[in-house]
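S.K.:
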Amino acid sequence: MTSKISFSKLLKQDLKRSGGIIAIISLVFFLLFTVRGIFTLDQMLASLKNGGWTMKEVTAQFADLLSYNGVIIFLTVSSAVLCGVSRFCYLHSSTKLDFYHSLPIKRDHFFWVQFLSGILQFVVPFLVNMLIVLFIGALRGVTTGGVVGQVLLGGFIHILFYLLLYITVILAMMLTGKIVVGILAVTVFLLYLPGVIFLATGLFSIFFKTFYQNESFWMQLAEYFSPLFLYGLTIGAASEGSMFLKELLIAIAAFAAMLVIVLYLYRIRSSEASERAIAFPKSESVIKFLLVVPISIGCGFIAHMMAIEGKDLWLAFGVIFGGVISSAIIEFIYHIDFTKVLARKKLMLASLIVSFAIIGIFRFDVFGYDRNIPKEENVESAAIWIDGLATNVYEKWSDNGIYISGTDTKSYVLDHMQVTKMDRIYEIVESAINKPEDVSTNYVIVKYRLKNGKEKIRSYQAEHSVLEKALADLYQTQEFKEGLYPAINLTGDEVGKIELVKTDESIQLNLNSKQLISLVDTFREELANMKYEDMKASSLVSIRLEGINKKVPSGTYTLYPCFEKTLALLKEYGYSVDAKLDPDKVISMRVLKYEEKGSREEVFSSKEDFKEIAENLVNSGVNDYFLFPQSSAYDVNVTYKNEKGDTITSYMYLYNDNIPQCIKDRFDD
1 MTSKISFSKL LKQDLKRSGG IIAIISLVFF LLFTVRGIFT LDQMLASLKN
51 GGWTMKEVTA QFADLLSYNG VIIFLTVSSA VLCGVSRFCY LHSSTKLDFY
101 HSLPIKRDHF FWVQFLSGIL QFVVPFLVNM LIVLFIGALR GVTTGGVVGQ
151 VLLGGFIHIL FYLLLYITVI LAMMLTGKIV VGILAVTVFL LYLPGVIFLA
201 TGLFSIFFKT FYQNESFWMQ LAEYFSPLFL YGLTIGAASE GSMFLKELLI
251 AIAAFAAMLV IVLYLYRIRS SEASERAIAF PKSESVIKFL LVVPISIGCG
301 FIAHMMAIEG KDLWLAFGVI FGGVISSAII EFIYHIDFTK VLARKKLMLA
351 SLIVSFAIIG IFRFDVFGYD RNIPKEENVE SAAIWIDGLA TNVYEKWSDN
401 GIYISGTDTK SYVLDHMQVT KMDRIYEIVE SAINKPEDVS TNYVIVKYRL
451 KNGKEKIRSY QAEHSVLEKA LADLYQTQEF KEGLYPAINL TGDEVGKIEL
501 VKTDESIQLN LNSKQLISLV DTFREELANM KYEDMKASSL VSIRLEGINK
551 KVPSGTYTLY PCFEKTLALL KEYGYSVDAK LDPDKVISMR VLKYEEKGSR
601 EEVFSSKEDF KEIAENLVNS GVNDYFLFPQ SSAYDVNVTY KNEKGDTITS
651 YMYLYNDNIP QCIKDRFDD
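full-length UniProt numbering puts the sequence shown at residues 1 to 669.
Laid out in structure tokens, this is it:
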């Protein structure tokens, strides 16, 4: 039949029939977006009057509230599912399908009516409520041009991802014949590929000893393969002020591609497809295979992780159990008949065989992942991060860039270190692969930069003695130290603040610009000349350099006794510090030894004992705990006078290879 009803009239009629859905979406938006937004704005303005907030902070928070807010994401996702299901659930009813197709309108036109109706049911309430809150904000003097710009950008992102999620739901409805199955299909579309990626990451981590789980890489990979994850990634980037053009282009391309697929499926979808679990029966076997394989592997993975003994047996049990049960459930969904839960036994068997084959590749390292080391002649440079070495020299900002959230030396080293003297790196790696079982080891990560532009990252448990020998040589090279210590690459005018960190206090240095630059340059020079052996002398004091902005790396560095010029300069500026514990200032030392039957304490009070013990003490706040790998059974509480004459008690360590003779004699060791 040719269309005798105008498109606009059909759209109006459909919107009238959808009054319940529109009312629900509008009410929820009004309560969670408008009312909540006004209440929050009033609270911020009240805090502004009390001096708790500044106007700049109120404006920024108001803009975030209307743009990059978790509540809006929730409303967008839930609305997309609700509208997608409600607009196209008629495809799952043969009665409704026959009725709609009997109307004097082309099928394509009817599709576009439903499609556009579902978009308007979200977009109109969203925009109306957004404008209401912006208007209220304008009356309160908060809606600035910057706020409007951010809100409009945020609105564009939310509408774009509503369209992407909406078309995903429609695709799920198009491929299925029952509403429940359609909703399950939506879940699969949103989570399947990220789930497979995370499962692969898990297999790599438990079966390959040298696998380095770069969480940011795997997470980003998963985020690009799910509309829901991509939505979160884009909002996160926008809220941080990062570039997100690539994410927008991917979303637009994905929407266009799925729209084309949906239109094609709509045209070839037969009326008989309604009320069947899967609208296209030929795809049932493919769907089952794609679901059973990762589910069975996932069950095997979980069983292997939970098992204490017989891990391989539990792994096999998990694969078989997961494969059989998931196959039976899928067949029941297909047929709603318990007598057919074991249908397609050959397909189930094939799925189990493929699952075991995939796990076998990981379990037995068929392709030699752990043994594969890039040939030295193919490597342009490498970075090596060693656990416990220079732990606090690079500080990490919070995701919103407001405060220091911790340290992340690992990322700095892997990104910046470029060692070209590869012989020591390869000694470490080869010893890690071929090391005996009973040796002391340290966790290391090596990043190979190949001459063809590719990169490989591997993690190893390297032998400690080999590491120490290699580090003695690596510390002679500037390329290693420049990649390990960010401060070497700084200039004095890039440092905004310096703190002196001692066992009992932190002091911000009050220096003029000339003194600050001189101190930084002197410290950099001595840091660049420091030898590995110099770090064996533990220190009681550290220096923290804070960059003038977030682009300049901040970090804390131990001031070893070899930093003579830096310590002398500090003394000249009025900050006299002792890098090592001065035995003459010690009042007492309480040594606690932990034994099987309990603990035993001895108090030392002679100057001779103070001198012998002080030479071997290690500060509990040491940045380079790699240097002291074996903790002894001894702890030492030292009471002493600091530079100001105050009495201080500090907790320090002794290690197995440096126990003073006086302690051995006292404890009869």
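The beta-carbon is built from N, C-alpha and C at its ideal position, and this holds for glycine as well.
For Gln150, count neighbouring Cβ atoms within 10 angstroms of its own Cβ and tell me buried if that reaches 16, exposed if not.
M.R.: So Gln150 counts as buried.
S.K.: Go ahead and pull the three-state DSSP assignment for Lys447.
M.R.: strand
S.K.: Counting only the same chain and skipping the five closest in sequence on each side, list residues whose C-beta sits under 6 Å from that of Lys410.
M.R.: Trp385
S.K.: Tell me whether the beta-carbon of Asp534 lies closer than 9 Å to the beta-carbon of Thr391.
M.R.: no
S.K.: Would you mind giving the Cβ-Cβ distance between Ser539 and Ala579, rounded to the nearest angstrom? I have them listed as a contact below 8 Å.
M.R.: 5 Å
S.K.: From Glu525 to Val419, what distance separates their C-alpha atoms?
M.R.: 20 Å
S.K.: Should Leu160 and Phe255 be called a contact, given that it needs their Cβ atoms to be closer than 9 Å?
M.R.: yes
S.K.: Sorted by chain position, which residues of the same chain lie with C-beta nearer than 6 Å to Thr2's C-beta, five sequence neighbours on each side aside?
M.R.: For Thr2, the pLDDT reaches just 44, beneath the cut-off of 50, and the residue's location in the model is therefore unreliable, although a value from the coordinates is still provided. Excluding residues within five positions, none has a Cβ falling inside 6 Å.
S.K.: Below 8 Å, how does it come out for the segment 85-98 and the segment 157-177: are there three or more Cβ pairs, yes or no?
M.R.: yes
S.K.: Does DSSP classify Trp385 as helix, strand or coil?
M.R.: Strand, per DSSP.
S.K.: Kindly list the residues whose CB is nearer than 6 Å to the CB of Leu48, restricted to its own chain and excluding five residues on each side of it in sequence; keep chain order.
M.R.: Val58
S.K.: What three-state label does DSSP hand Met1 in the structure shown?
M.R.: At Met1 the pLDDT is 43, less than 50, meaning the model places this residue with poor confidence and gives no usable figure here.
S.K.: Drop a sphere of 10 angstroms on the beta-carbon of Ser651, count the other beta-carbons inside from all chains shown, and report buried for 16 or more, exposed for fewer.
M.R.: Contrary to the premise, residue 651 reads as Tyr rather than Ser in this sequence. It counts as exposed.
S.K.: Using a Cβ-Cβ cutoff of less than 6 Å, which residues in the same chain neighbour Glu602 once the five nearest sequence positions on both sides are dropped?
M.R.: Val591 and Arg666
S.K.: Less than 9 Å separating the beta-carbons of Val588 and Val541?
M.R.: Just to set this straight, residue 588 is Ser in the shown sequence, not Val. Going by C-beta atoms, Ser588 is not nearer than 9 Å to Val541.
S.K.: Please identify the residue among Thr503, Leu545 and Ile507 whose C-alpha is closest to the C-alpha of Phe523.
M.R.: Taking only the C-alpha atoms, the option nearest Phe523 is Leu545.
S.K.: With a threshold of 8 Å on Cβ separation, who are the neighbours of Leu228 within its own chain once the five nearest residues in sequence on each side are excluded?
M.R.: Val77, Leu165, Leu190 and Leu191
S.K.: If we count Cβ pairs, one from each stretch, closer than 8 Å, do we get three or more for the segment 480-497 versus the segment 454-461?
M.R.: no
S.K.: How do the segment 204-224 and the segment 313-325 stand: do at least 3 beta-carbon pairs fall below 8 Å, yes or no?
M.R.: Contact check between the segment 204-224 and the segment 313-325: fewer than three CB pairs, one atom from each, fall below 8 Å, which does not count as touching.
S.K.: My understanding is that Glu284 touches Gly177, with C-beta atoms under 8 Å, so please give their C-beta distance in whole angstroms.
M.R.: In fact, because the Cβ distance is near 11 Å, the residues do not count as touching under 8 Å.
S.K.: Considering only the beta carbon of each residue, do Tyr560 and Ala537 sit closer than 9 Å?
M.R.: Taking 9 Å as the cut-off, the Cβ atoms of Tyr560 and Ala537 count as close.
S.K.: Tell me the residue span of the alpha helix (DSSP H) that contains Gln508.
M.R.: Run containing Gln508: none in the alpha helix (DSSP H); it sits in the beta strand (DSSP E), Ser506 to Gln508.
S.K.: Kindly list the residues whose CB is nearer than 8 Å to the CB of Tyr573, restricted to its own chain and excluding five residues on each side of it in sequence; keep chain order.
M.R.: Leu509, Leu511, Gln515 and Leu519
S.K.: Please classify Ile261: does DSSP put it in a helix, a strand, or coil?
M.R.: DSSP places Ile261 in helix when its eight states are reduced to three.
S.K.: Compute the distance between the beta-carbons of His92 and Gly232, then report whether it is under 9 Å.
M.R.: no
S.K.: List the DSSP bridge partners of Thr407.
M.R.: Glu395
S.K.: Just the C-alpha distance for residue 672 and Met305, rounded to the nearest angstrom, thanks.
M.R.: Residue 672 falls outside the range modelled here, since the chain spans only 1 to 669, and no answer is possible.
S.K.: Take Ala343 and list the residues in its own chain whose beta-carbon comes closer than 6 Å to its own, dropping the five residues that flank it on each side.
M.R.: Glu331
S.K.: Which residue's Cα is closest to the Cα of Asp108: Asp64, Gly19, Leu10 and Ile22?
M.R.: Leu10
S.K.: Is it true that the CB of Met417 sits closer than 9 Å to the CB of Phe480?
M.R.: yes
S.K.: Run the CB neighbour count on Val439, radius 10 Å, all protein chains shown included, and call it buried at 16 or more, exposed below.
M.R.: exposed
S.K.: Which value, in whole angstroms, describes the spacing of the CA atoms of Asp669 and Asn619?
M.R.: 23 Å
S.K.: Which same chain residues end up closer than 7 Å to Thr642 when comparing Cβ atoms and leaving out the 5 residues on each side of it in sequence?
M.R.: The residue asked about is misnamed: residue 642 is Asn in this sequence, not Thr. Contacts found: Asp504 and Ile648.
S.K.: Which residue's Cα is closest to the Cα of Glu300: Leu134, Val341 and Ser355?
M.R.: One point to set straight first is that residue 300 is Gly, not Glu, in the sequence displayed. It is Ser355 whose Cα lies nearest to the Cα of Gly300.
S.K.: What does a CB cutoff of less than 7 Å around Asp521 pick up in its chain, not counting 5 residues either side in sequence?
M.R.: Shown here for Asp521: same chain residues with a beta carbon closer than 7 Å to its own, the five before and five after excluded, namely Gly492 in chain order.
S.K.: Does DSSP put Lys571 in a helix, in a strand, or in coil?
M.R.: helix
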